[in-house]
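Undergrad: Here it is: the structure, laid out below.
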Amino acid sequence: MGRLIALVVALALAQGSLRVENLAGAPVDPLAMAKPVKAIVFLFTSTDCPISNRYAPDLRRLATLFAPQGVIFRLVYPNPAEDAAAIRTHLVDFAYAGATEALRDPKHALVKFTGATITPEAAIYAGGRVQYRGRIDNRFVDFGVDRPAATEHDLHDAIAAILAGKPVAHPETQAVGCYIADFAR
Amino acid sequence: MKRLVCVAFVVAAAQGRPEGLRYETPLMNAGLSFASVAQPVRAARTVTYATEVAPLVQDRCAMCHHAGGSAPFSLTTYAETKRHAAQIAEVTRRRFMPPWKADPSDGPFVGQHPLSEAEIQLLRDWADAGAPEGDPHDAPPPRRWAEGWQLGTPDLVITLAQPYTLPPDGTDLFRIFAIPIPADRVRFVRGVEFRPGNPKVVHHANIRVDPTAASRRLDEADPAPGYDGVIARSAGYPDGHFLGWTPGQMSPLLPPDLSWRLEPHTDLVVELHMQPSGKPEAVAPSIGFYFSDTPPTRTPAMLRLGRQSIDIPAGEPHYTITDSFTLPVDAEVEAVQPHAHYRARDVRGLATLPDGTTKRLIDIADWDFRWQHVYRFVTPVKLPKGTTLSMQYVYDNSPSNPRNPQVPPLRARWGQRSSDEMGDLWIQVLTRDDHDLDVLSRAFRPKVAAEDVLGYEAEIERHPDDLGLHDSVAMLYLELGRHEPAIVHFRRSSALAPQSPQTHYNLGTALTLARRLDEAAASFREALRLDPSYANAHNNLGNVLLAQGKNDEAIHEFREVVRLQPDSEAAKKNLATALQRVR
C-alpha cells in the first residue's frame, strides 16, 4: 500500500513532464487520454522476449474485449535497441496492429513511473493514478514452470474492477519474463 | 499335449515362419518388443565480460545460444550477453539454465555443462556491477560454430512434404509426423541428426521408426501435415538404440559395429513438442541420416522399467511407483532415459550390485517433462550378473503442482496423451556377446509384455471399440501363454468386424492354442465362408481337424492350401505329413 501512495506522489511530480516516443520519433505524453477513455493499460513488451510474445493473442483479446468500455491498450517498448522499424515488424508479425498503440520508452520514463521491471508486465492508469501493476495472469509461475492455462486473470480482473468503480483486489503482482534492467545497459 | 505342440509347429511351418504362429495383425514394434572450470570470485576486483564472463558463456551457453543454434537468442558477443545479464544471473541461480535436470554428482554424462556455485555467483556479480565489458583485448577469440549439420554432410536428408503451421496461442502442442525414408535397400545407420527448423517453437522431438504403414495412415487421415494423438504401437526405437532430440543434445555417431538396421519402406515417426510463440509459425524439421557400409556386429539391449498400472487419485500429492529387474548376465549401461509426464516430480534409477553396493544411474529431484534427455554415460557403467536395476518415480497430482494439466485435478491413469501419466526408465545396455544378449532378452521380454498388457487394457477401457487395440493385446496375451484373455479380445475383434475373415482366423488360432478345437474349427470355417481362398485358414483348419482325428477332412483342407499356393514348399510338406499320418 505504501508503494501505491509513493506512486501517486511520483505521478504528481511527473505530471506534464512524462514523455515517451511514438513510432515517428516524436515525444508524446503516454498518459494523455481523450474524454471517453476511462483507463489506459500499458503493456511493457520486447520484440524478442518469448514469454512476452506468447501473450500476444491474449492481449489482443483483452484489448478487443475492453475497447468498447473506454479502455485503451498501449504497448510500451523499453528496449532502446528496438527501433521503430523493428517495432513495426513486430506489430505486424504478432497482429497487434490496429488493436493497440505502440510507444518507445528508451529512457525508461514510463518504466520508472509505473515501476515495471519485466516484459511482459502491465500497468493500468486510471483516475489519475496507477491502479494496477504486474502480471497479465498466473500462467507463468517461474522460468520453465507454467500452467497449461491460467487460473487467475489478474489484468482482466483489475480492469473489470476499475470499470466497476471497485478497488483492485491485488494492485501489485509479480510478473515472470525478461528483465527490463537488461535493456538499460 | 504333444499333439497340440505338433499342431502349432505345423501351423508355423506352413507360414514359413519358424519362430511361431502368424497373425493377421501388425507385430509389436521393436522398441517395445524387447524389447569446471570454476573461476573463484575475486571480490576485490570487478568481474568483467572479457576476463571472466566470456570464457564461461562460450563454454557453457553458446553451444546452443549462437546464430542458427537451438536457443532463442545468441550469447556470442558482449553486446548480446550484456543485454541478458540480469536474466542470465537469475536463470542460472535457479538452475533453469543450463538445462540439466539430473543431479550433477551422477554420471558423468555426455553433454553435461553444470555451473558451480562460484560460477553462478560470478554471473550475479557481473550483472550487479552493471555488466562491464572490461578490456576487449582480454576476451577469448570468438568461437566459431559449425553451420548446418553438426555430424557432417548426411547421406540422406528427409523433411516434411509441407511445413506444419503452429497456431499462435494456447498451451504446449504435440504433433506426430510420419515421414517416409526413401531407402530402397537395407541401410545401416550410424547417426541421426535432427534439425528443428524453427528452434523458437520446437522444444523437443520424440523419434521412432515404424516398419508398418500404421503411422502413415494416421498422418494421411489428417488433412494438415501430421496428426494429433499418440505414437502408434508399431513405431518404436530401432533395435536397442535411442532416438530423439532435445535442445543442446547431439547424439554422437555410433561406431560402425554398433549401427542399426534400417529396412526399406520404413517411416520415421517424429513427435514434436512445440510451444506457440504468439504468432503462427511454420515448422519443418529436417533429419539427416548417416549410414555405415557394413552391418552391425553388436546390438545393445533396450530395457524398460516402469509401470503401466499407474492410477493416481485426484489430489494425491505423493504417488509412488517402483519397478526392478535383475540382470541375468554381465552388462554395461550405456545410457538411460527417464520418461514421465507433467505430474512426475521425483525420478530415480538405481543399480544394486550383488555385493550390496549401489550406483545411482539417474536422480532428478525436480522432473521437468520438457527436458527429455537421453543421459549417456561418458564411461559405461559395468554391472555384474545379478545386479538389480530399479526405478522409483513420485507423482504430485494435487492442485499445488502448477504443471498439473488438469485443474481441478482428476484421476490420472497410464496413457500416452500428455494429460495421462507415464513412468518409464529406459536403460540401454551392452552385453558381452550375442549369447548373453539372447539370455537377457529372453529374461526381459515377458516382464515388459506383462506390463504392456496393463497399458493396453487401460487404453481399451477408453476405446472399447478399437479393433487394433484388441488384436494387439490378444497377441501379447498369447506371447505370455495366457490363452483365455487372448480369446476374449480376439472374440471382441470378430464381433467388431464380423465381415473380416482375419478376425475369425485370429480367434480360431487362439482357440486352437487353448485346445478348444470345436470352437476353433468353427472360427476357421467362418473365416473361409467369408473368404474361400484364405490359404492360412485352410491350413490351420486342417491342423485342427487332424488333431480331432478327422483325417480325411484335414487332407481336404491341406489339398486346398496346395491348390491355392502351388509354389509353397511348406504347403506341400504339410500335405505330405498329413497323408503319412493317415497311412
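As given, the protein sequences belong to chains C and Y, one line each in that order. Heads up: the first sequence runs through residues 132 to 316, numbered per my numbering. Heads up: the second sequence runs through residues 12 to 594, numbered per my numbering. Just so it is clear, CB atoms sit at the ideal spot from N, CA and C, and this is done for glycine as well. Given the structure is predicted, the values throughout are model-derived calculations rather than measurements.
#1: Measure the Cβ-Cβ separation of P475(Y) and Y488(Y) and say whether it is below 9 Å.
#2: Out of curiosity, what's the CA-to-CA distance linking E530(Y) and R540(Y)?
#3: Roughly how many whole angstroms lie between the Cα atoms of G156(C) and L206(C)?
#4: Assign V392(Y) to buried or exposed, taking buried as 16 or more other Cβ atoms, counted over all protein chains shown, within 10 Å of its Cβ.
#5: Below 9 Å between beta carbons is the criterion; list the residues of the stretch 254-279 of chain C that meet it against any residue of chain Y, in chain order.
#6: So, helix, strand or coil for A587(Y), using DSSP?
#7: Using a Cβ-Cβ cut-off of less than 7 Å, list which residues of the stretch 171-187 of chain Y approach chain C; keep chain order.
#8: Is it true that the CB of F205(Y) sits closer than 9 Å to the CB of P266(Y)?
#9: As a quick exercise: from G466(Y), L441(Y), P457(Y), G397(Y), pick the residue whose alpha carbon is nearest that of G426(Y).
#10: Quick one: residues in its chain with C-beta nearer than 6 Å to the C-beta of A24(Y), no 5 flanking neighbours on either side, listed in chain order?
#11: Using the three-state DSSP reduction, which class does E204(Y) fall into: helix, strand or coil?
#12: Of all the residues that make up the stretch 377-408 of chain Y, which are near chain C by a beta-carbon distance shorter than 8 Å?
#13: Helix, strand or coil: which one does DSSP assign to P391(Y)?
#14: Taking the beta strand (DSSP E) that A254(C) falls in, what are its first and last residues?
#15: Provide the residue(s) that pair with T399(Y) in DSSP beta bridges, ordered along the chain.
#16: According to DSSP, simplified to helix, strand and coil, what is Q559(Y)?
#17: Does the distance from the CB of S505(Y) to the CB of S544(Y) come in under 9 Å?
#18: What does the alpha-carbon distance come out to for the pair A212(C) and P207(Y)?
#19: Suppose you measure from the CA of P199(C) to the CA of A140(Y); what does that come to, to the nearest Å?
#20: From F302(Y) to F388(Y), what distance separates their C-alpha atoms?
#21: Buried or exposed: where does R270(C) fall if 16 or more other Cβ atoms within 10 Å of its Cβ makes it buried?
#22: For L135(C) and H284(C), I'd like the C-alpha separation in whole angstroms.
#23: Looking at the secondary structure, which residues open and close the beta strand (DSSP E) in which L229(Y) lies?
#24: Could you give the residue range of the beta strand (DSSP E) that holds S303(Y)?
#25: Since K370(Y) is in the beta strand (DSSP E), which residue starts that stretch and which ends it?
#26: Between the alpha carbons of R235(C) and A346(Y), how many angstroms are there, rounded?
#27: Between L32(Y) and chain C, is any beta-carbon pair separated by less than 9 Å?
#28: Taking 8 Å as the threshold, find out whether the stretch 452-464 of chain Y comes into contact with the stretch 311-325 of chain Y through three or more Cβ pairs.
#29: First and last residue of the beta strand (DSSP E) that includes E462(Y)?
#30: Would you report the Cα separation of D166(Y) and L279(Y), rounded to the nearest angstrom?
#31: Quick check on DSSP: helix, strand or coil for P66(Y)?
#32: Is G289(Y) close to chain C? Criterion is C-beta to C-beta, closer than 9 Å.
#33: Taking any Cβ of chain C, which residues in the stretch 80-93 of chain Y have a Cβ under 8 Å from it, in chain order?
#34: Which bits of chain C does R414(Y) rub up against, with CB to CB less than 9 Å?
#35: Is the Cβ of M108(Y) closer than 9 Å to any Cβ of chain C?
#36: Assuming contact is defined by CB atoms lying nearer than 9 Å, are A257(C) and A312(C) in contact in what I supplied?
TA: Taking the geometry as given:
#1: Not closer than 9 Å, so no.
#2: In a straight line, the C-alpha of E530(Y) is about 15 Å away from that of R540(Y).
#3: Rounded to whole angstroms, G156(C) to L206(C) spans 15 Å at the Cα level.
#4: Label assigned to V392(Y): buried.
#5: Those residues of the stretch 254-279 of chain C that come within reach of chain Y (Cβ to Cβ, closer than 9 Å) are N269, R270, V272, D273, F274, G275, V276, D277, R278, P279.
#6: Here A587(Y) sits in helix by DSSP.
#7: Under the 7 Å Cβ criterion, the stretch 171-187 of chain Y contributes P179, D180, T182.
#8: Contact: no.
#9: For G426(Y), the nearest C-alpha among the options comes from G466(Y).
#10: Confidence is the limiting factor: at A24(Y) the pLDDT is only 31, short of 50, which leaves the residue's position unreliable, though a coordinate-based value still follows. Excluding residues up to 5 positions away in sequence, A581 lie with their Cβ nearer than 6 Å to the Cβ of A24(Y) in the same chain.
#11: When DSSP states are grouped into helix, strand and coil, E204(Y) belongs to the strand group.
#12: From the stretch 377-408 of chain Y, only D379, R381 have a Cβ closer than 8 Å to chain C.
#13: Looking at P391(Y) - three-state DSSP - the assignment turns out to be strand.
#14: Here the beta strand (DSSP E) through A254(C) covers 252-257.
#15: DSSP output for T399(Y) lists T337(Y), T363(Y) as bridge partner(s).
#16: Coil at Q559(Y), not helix or strand.
#17: Against a cut-off of 9 Å, the Cβ pair of S544(Y) and S505(Y) comes out as no contact.
#18: Going by the C-alpha atoms only, they are around 28 Å apart.
#19: Between the alpha carbons of P199(C) and A140(Y) lies a distance of about 47 Å.
#20: Distance between the alpha carbons of F302(Y) and F388(Y): 24 Å.
#21: Counting of Cβ neighbours within 10 angstroms places R270(C) among the buried residues, the total reaching 16 or more.
#22: The pLDDT assigned to L135(C) is 48, lower than 50, so where the model puts this residue is not dependable, and the model offers no usable value.
#23: Residue range 225-232 is occupied by the alpha helix (DSSP H) that includes L229(Y), with no beta strand (DSSP E) assigned at that position.
#24: Element bounds for S303(Y): 297-303.
#25: That run of the beta strand (DSSP E) goes 369-375.
#26: Approximately 50 Å, taken between the alpha carbons.
#27: Because the pLDDT at L32(Y) is just 34, under 50, the model does not fix this residue reliably, and the value given afterwards should be weighed accordingly. Not an interface residue.
#28: A contact exists between the stretch 452-464 of chain Y and the stretch 311-325 of chain Y.
#29: Premise fails: E462(Y) lies in the alpha helix (DSSP H), 445-473, not in any beta strand (DSSP E).
#30: Approximately 16 Å between the Cα atoms of the pair.
#31: Helix.
#32: It does; some Cβ of chain C falls within 9 Å.
#33: When C-beta distances to chain C are compared with 8 Å, the residues of the stretch 80-93 of chain Y below that value are P83, F84, K93, in chain order.
#34: Residues of chain C passing the Cβ test: V272, V276, D277, R278, P279.
#35: For M108(Y), the closest Cβ of chain C is nearer than 9 Å.
#36: Against a cut-off of 9 Å, the Cβ pair of A312(C) and A257(C) comes out as no contact.
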